[in-house]
Amino acid sequence: MADDNEAGEPTRRSFVKAAGVLGVAATTGLTAGTGSAAADSLGFPGATDWTREQAEQIERTPETTAPLIDESVERLSEDQYIWDTWPLRNRDGSLAKVNGYQIIFSLTATNDVVPGARHNLASIRYFYSHNGHDWQQGGEVFDAEAALGHHQWAGSAMYDEETGDVNVFYTAVSAAGEYRQRLAVGTGASVETSGDGVEITGGFDHGIIAEADGERYQTLEQSRDQGIIYAFRDPWFFKHPETGEEYVLFEGNTPIENPSEYTDWNGNVGIAKATGEGLDEWELQEPLVEAITVNQQLERPHIVVSDGNYYLFTISHRFTFAPGLTGPDGLYGFVADSLDGDYEPLNEGGLVVSNPESAPFQTYSWLALPMGDNLAVTSFYNFRETDSLQDVGSLPPDEQKRLFGGTLAPSLQVRIDDTETEIVREMKDGYFSPAIGSQQRGNGKGWKH
Ligand code: FRU
Numbered sequence: 031m032a033d034d035n036e037a038g039e040p041t042r043r044s045f046v047k048a049a050g051v052l053g054v055a056a057t058t059g060l061t062a063g064t065g066s067a068a069a070d071s072l073g074f075p076g077a078t079d080w081t082r083e084q085a086e087q088i089e090r091t092p093e094t095t096a097p098l099i100d101e102s103v104e105r106l107s108e109d110q111y112i113w114d115t116w117p118l119r120n121r122d123g124s125l126a127k128v129n130g131y132q133i134i135f136s137l138t139a140t141n142d143v144v145p146g147a148r149h150n151l152a153s154i155r156y157f158y159s160h161n162g163h164d165w166q167q168g169g170e171v172f173d174a175e176a177a178l179g180h181h182q183w184a185g186s187a188m189y190d191e192e193t194g195d196v197n198v199f200y201t202a203v204s205a206a207g208e209y210r211q212r213l214a215v216g217t218g219a220s221v222e223t224s225g226d227g228v229e230i231t232g233g234f235d236h237g238i239i240a241e242a243d244g245e246r247y248q249t250l251e252q253s254r255d256q257g258i259i260y261a262f263r264d265p266w267f268f269k270h271p272e273t274g275e276e277y278v279l280f281e282g283n284t285p286i287e288n289p290s291e292y293t294d295w296n297g298n299v300g301i302a303k304a305t306g307e308g309l310d311e312w313e314l315q316e317p318l319v320e321a322i323t324v325n326q327q328l329e330r331p332h333i334v335v336s337d338g339n340y341y342l343f344t345i346s347h348r349f350t351f352a353p354g355l356t357g358p359d360g361l362y363g364f365v366a367d368s369l370d371g372d373y374e375p376l377n378e379g380g381l382v383v384s385n386p387e388s389a390p391f392q393t394y395s396w397l398a399l400p401m402g403d404n405l406a407v408t409s410f411y412n413f414r415e416t417d418s419l420q421d422v423g424s425l426p427p428d429e430q431k432r433l434f435g436g437t438l439a440p441s442l443q444v445r446i447d448d449t450e451t452e453i454v455r456e457m458k459d460g461y462f463s464p465a466i467g468s469q470q471r472g473n474g475k476g477w478k479h
């Protein structure tokens, strides 16, 4: 895994877009930037390409740079690392409040190991709060025996207000060394609240939503020659506000024919549609965005709908940009006037939130949530005082632990104005948007933290 990008000229190469529904594989000579044409001609909407030309516009500006975190870290949990985190949301995407409590879900792992070891130990825990920022630790969400995968990665959670069911979408991952990923869901648990707090009870029924099909989404086997970690993960539940159709967005890779030196940079934002009555039948769709020749990982994709615009966000790392391109670890975003696209990068290149240059890895795994007309962007404290994620791994274990925050970072208020965004201010650690009802409602006025 290389950390820094080497300079290099983009090469044009062909790739396969396969028409899975038609059972026809089409080999095209498309280049990045024109990727949707073949898919369109096969009868389903094609992905928008995040092009190299657009990515060349990525720039850290005052509007996209978060302030340096200078406080000492106060951990949410004494014994657990906490990283990727998401709130319990209602079906319509608004934050859920159950008998006065908001609930968040986090990837967690015991903090007696080096931070890099946490990925192979990840389990999902929940936390609850009356005010959306002072979180009490609950327990593990799943019974370890029943949850799918050796361990579980991110992640979204939907509260069905009619039935009171809690449904948690997650990535079922096989053990380190393989890291095979499948999209999964646990359905049908309940929330019990009392003066003492919150319990998630009743158990979940677990099922697989989708596996990589090798046509639109690269399989682990197809990715074997590639250097960076392969992806088919991070399901994010999304109900279409206009059609009522239900989807999960996820992170994938596009299969590449004719491997070249750019084969590794094939990240996409995938989408699957619920086709049955409940949450157990899903069909893979054509990806929404592809970053072929641009970036290998478009992690934790999610959407905020505002003023009829579809804002699509994803997180990515500096080291996953293709040679000749550079972008910081950051939150990247796109906007379209429909779910299908075409998606235009925000702020020209796509960068919405980065860390300051002096602490490029201080936070990661940003999640943008609707907050009136603005966004509340949450993240976790990652590594301070370091210039290279790769170098951290070779430091003595105690030093690695000292550098790793492993808890929720200050949230950011971000203003969106059509295709432009601006970080307005820093908020409290782990500040999630207040639960105000539908994401279409509310104007954020009168809100305080
Ligand atoms: C982002 C991420 C997710 C994944 C998890 C694994 O921080 O890479 O894509 O689900 O972390 O720990």
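First residue of the sequence shown: 31, per my numbering; consecutive thereafter.
Beta carbons are placed, not taken as given, at the ideal position from N, Cα and C, and that holds for glycine.
The beta carbons of D294 and T78 sit no closer together than 9 Å.
Of W266, D243, G218 and S224, the smallest CA-CA separation from G233 is found for G218. DSSP lists no bridge partner for W80. For the ligand FRU, a non-hydrogen atom lies closer than 8 Å to the CB of A152. Short note on R90: C-beta not closer than 8 Å to any heavy atom of the ligand FRU.
Ranking S384, L369, G76 and V128 by CA distance to the CA of P358 puts S384 first. Residue pairing from DSSP leaves F462 without any beta-bridge partner. Placement of the Cβ of I345 at a distance of less than 8 Å from at least one heavy atom of the ligand FRU is found. By the Cβ test, the stretch 191-200 is in contact with the stretch 209-226, since at least three Cβ pairs between them sit closer than 8 Å. No heavy atom of the ligand FRU is found nearer than 8 Å to the CB of W266. Residue H160 holds the alpha-carbon nearest to the alpha-carbon of P464 among K303, R246, W183 and H160. Under the three-state reduction of DSSP, R121 is assigned to coil, being neither helix nor strand.
Between A406 and V454, the alpha-carbon positions lie close to 10 Å from each other.
Take the alpha-carbon of D421 and the one of F267: they are about 35 Å apart. For G257, the CB stays at least 8 Å from every heavy atom of the ligand FRU. The C-alpha of E86 lies about 31 Å from the C-alpha of H149. Our two residues, T81 and Q167, have alpha carbons roughly 42 Å apart in a direct line. Residue burial annotation: D428 is exposed, with fewer than 16 other C-beta atoms found within 10 angstroms of its C-beta. Taking a 10 Å sphere around the C-beta of D367, we find fewer than 16 other C-beta atoms and assign the residue as exposed. Every beta strand (DSSP E) stretch that sits fully inside the stretch 309-357 and reaches 3 residues is listed by chain position as 312-320, 329-336 and 339-346.
With a cutoff of 8 Å, R263 counts as near the ligand FRU, since its C-beta is closer than that to a heavy atom of the ligand.
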